[in-house]
RNA sequence: GGCCCAUUCGUCUAGUGGCCUAGGACACCGCCCUCUCACGGCGGCGGCACGGGUUCGAAUCCCGUAUGGGCCUCCA
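Residue numbers (the numbering used here): 52 to 473.
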C-alpha cells in the first residue's frame, strides 16, 4: 500500500518553526516513499480561526519548497460525517450522552499500546484514559474526534506529529478501532526548543517562517538546517540538497530527544549555501530579496555588487548594512577620521589620475600610495575605506571604489577630508 | 499530583555490548592567509546526568534517582 501522510495545523496563528520541521519530516517521508503529502486545516473551532493564517501556512510551506498533493482540506467540511459517526457510536453503545455532549467510552482494563516509529513501544494503562468528548454540547466535534476520523477517511497511513500528541494517541487508537478501522502508524517527533530550553510554541519564543524569510535566509539552507534538528544521515554529513534529503530520509533515524534551535549554526549553514550559489543565481536571489523587502535600489548596481558580497555575508538581510554605501551617501564618524585627513587627501589626488577606473588600476594606485607614505596597506587603507564606505568593515576596497565610480569616490574623499578637519 | 516522553561536548548529532583512550559539525580559543570583514588551512578546549545491577566486557541492556518536557480542556 502506498504511503500517505498529512500536515494538520490549526489556523489559529502563523506557522512556527517547530511545526514547519514536523511538516518537513512528513514531506520528506512522503517523497522518499513515493507517497502523498496532504495539507489539512484543522478548523473545528471557527471562533479562533484567523483567515490570514490559512493563507500564511500555505505561503510558508511553498516558500520552503514543501509541495502538497491534492487540494487543501478543511476539517469543518466533515462536520456532518462526524455527527453521523457519533450517532452510530451512541446507537452501538460505544458512546453516550453526557449533559448534551457525546462521550466515547474508553476501555477500563488492560493497556493500549503502539509501536512508535521514532520511540519504540509506548503503552498506556487504559484505566488512565478518560472518556473522550466527541461532540460538544453545541454540536461541534472536538479535535480528538475529528482528527483521527479524518485520518481514517483520508486513508492516512502514517501520522507524523509532535510529541505533545503522545497522550492523545491511545484515545484516538481506541476510537479508530471502535469505528472498525485500523489505526495508522504513528511517529512522534520531539519538540524544538528555544535558546532558553523551552519548547517553541505560538505562545512562547514563536519564530515564524516569515521571519526567516525577511531576515534573508535562503530556503534550501533553512530546510537543510531544520532537518538536522532531530535527524541525521550518518556521523559526518551536514550539507544535503533537497534531492539528497528525499533519497536519504527515513523515520528510523529521527531521534526522540528535543533539539535546541541554534541560530549560529543556521547562519553558518546559510552562508555555505549562499557561497555555493552560481554568481547569476546569487544575484537573482539577492535582487528578489531586496525587492521583497522594499528596496528600490538600481538593479544593475545590485547585480554588480553581488559578487563582491557573496563571500562576505551569510544572509541577504545583511546586504543593506554591508553594501548600502553603494546606493546612498555615507556619513563617516569624524572620530574615525581624526588625523587621517592627509592620507585621504592623498588618496583623492592619486585616484583622480587613475584611468581606467577599475579595481586592478585602483589597487595599484593605492598600494603605490601606501608605499610612498611608508604606511602598511592595512594602515593606509583604513581611512580610505571609512571615507568611501562609511565603515571600518566593507567589501573589498578596490572593487567597492570601482563600483562607486570615480566621481562619487572623489566626492566622498573630499567630504571626508573636510570632516576630519572639523 | 497522576500518566507519558526524553537525557552523549555550550549547541546539533554519530554510536544499537568489545572497532570508543567516544567520531563529526556549529560556537569558542590559538596560529597561518590577508586591504577591513569574511572565506580557507592547521591546531586546541570540551561530553556518555547520578547510583545500583546484568556481563569476561556497557555510552550502549535492566532498575532506581535527578533533571527537563508533554498531556491530564466540551483547545488544537
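Virtual Cβ for every residue (Gly too), placed ideally from N, Cα, C. Every value quoted in this text rests on a predicted model; they were computed, and no experiment measured them.
Buried or exposed for residue 255, going by 16 or more other Cβ atoms inside 10 Å? exposed
Should residue 358 and residue 388 be called a contact, given that it needs their Cβ atoms to be closer than 9 Å? No, they are not a contact pair.
So for residue 192, helix, strand or coil by DSSP? strand
So residue 211 and residue 301 are in contact, right, with Cβ under 8 Å, and what is the actual spacing, rounded? 12 Å between Cβ atoms; not a contact.
Take the Cβ of residue 379 as the centre, count every other Cβ of all protein chains shown within 10 Å, and call the residue buried at 16 or more, exposed below. exposed
Which residues share a DSSP beta bridge with residue 209? Per DSSP, 236.
Quick check: the Cα distance between residue 153 and residue 159, rounded to an integer number of angstroms? 18 Å
Please state the DSSP three-state secondary structure of residue 171. strand
Does the distance from the CB of residue 289 to the CB of residue 225 come in under 9 Å? no
Do the region 107-117 and the region 269-280 meet, that is, are 3 or more Cβ pairs less than 8 Å apart? The region 107-117 is in contact with the region 269-280.
Which stretch, first to last residue, makes up the alpha helix (DSSP H) that contains residue 258? That residue, residue 258, is in no alpha helix (DSSP H); it is neither H nor E in DSSP.
Starting from the Cα of residue 55, find the closest Cα among 237, 137, 219 and 109 and give me that residue. Selected option, being the one with the closest Cα: 237.
Contacting residues, own chain, Cβ-Cβ under 6 Å from residue 333 (five flanking each side not counted): 357 and 361
Considering only the beta carbon of each residue, do residue 132 and residue 78 sit closer than 9 Å? no
Do the region 180-192 and the region 233-248 make contact, defined as three or more Cβ pairs closer than 8 Å? These segments do not touch.
Is it buried or exposed for residue 71, if we count other Cβ within 10 angstroms and need 16 for buried? Classification of residue 71: buried, given that the 10 Å Cβ count is 16 or more.
Have a look at residue 235 and residue 209 and give me their C-alpha separation to the nearest angstrom. 5 Å
For residue 94 versus residue 53, is the C-beta spacing smaller than 9 Å? no
Identify the residues that DSSP records as bridge partners of residue 250: which are they? 244
Cβ neighbours of residue 432 in the same chain (closer than 8 Å, five flanking residues each side left out): Result list for residue 432: 417, 421 and 448, in chain order.
Backbone CA spacing between residue 258 and residue 251 [nearest angstrom]: 8 Å
By the DSSP assignment, the beta strand (DSSP E) with residue 155 in it spans what residues? 152-155
Rounding to the nearest angstrom, what Cα-Cα distance links residue 149 and residue 89 in this structure? 34 Å
Cα-Cα separation between residue 322 and residue 231, rounded to whole angstroms: Using only the alpha carbons, I get a separation of about 52 Å.
CB-CB under 7 Å to residue 222, same chain, minus the five flanking residues each way: which ones, in chain order? For residue 222, where only same-chain residues beyond five positions count, the Cβ hits under 7 Å are 157, 180, 183 and 195.
May I ask you to verify whether the region 301-310 touches the region 334-353, counting CB pairs closer than 8 Å and requiring at least 3? no
Could you check how far apart the C-beta atoms of residue 468 and residue 386 are, in whole angstroms? I think they sit under 8 Å. Actually they are not in contact, since the Cβ atoms of residue 468 and residue 386 sit about 15 Å apart, beyond 8 Å.
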